[in-house]
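Notes to accompany the following structure.
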Amino acid sequence: MIQLKTMLNCIDNSGAAIVECIQVVGQKRHASIGDRIVCVVQKQRGAGAEGMAAASNALKVKRGDIRHAVVVRTRQKVTRRDGSVIRFDDNACVLINKAGDPVGSRVNGIVGQELRKKKWSKILSMAPMQA
């Protein structure tokens, strides 16, 4: 269950490392796997010893950006229609633009199979594995 102020890992190569949920899109209170959220980038990747100026050229997002995202993993248990229950180790998302296309070109890590039912096939095709 992802709600207001929940911190999520960003598992694409858009440049964000950790994002914070600020709104669940739609009428729901909590977001689950496959739901769309609005989030703000809290920490970005690649800001090492070379400084922010060198790292910002390759990154698509920066700290403080407000973006839409799709939840791909949750720590809350999800029960499937066949009776199996799945639970991930962390909360994770993939950043998308307003049209629904992923910002990054690669997804690192497992994503939930529930994305297929919610029509996020582009994210499923970029992911190395579905669980």
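For the sequence shown, our numbering gives the first residue as 1, with consecutive numbering after it.
We put the CB at the ideal spot given by N, CA and C, even for glycine.
Asked	Found
Can you name, in chain order, every residue of its own chain whose Cβ lies under 6 Å from the Cβ of Gly104, other than the five neighbours on each side?	Asp12, Asn13 and Ser14
Please name the residue or residues paired with Gln23 in a DSSP beta bridge.	Val38
Using DSSP bridges, identify the partner residues of Pro128.	None; Pro128 has no bridge partner.
Can you give the Cα-Cα distance for Cys39 and Arg81, rounded to whole angstroms?	30 Å
By how many angstroms is the C-alpha of Thr79 removed from the C-alpha of Lys43?	32 Å
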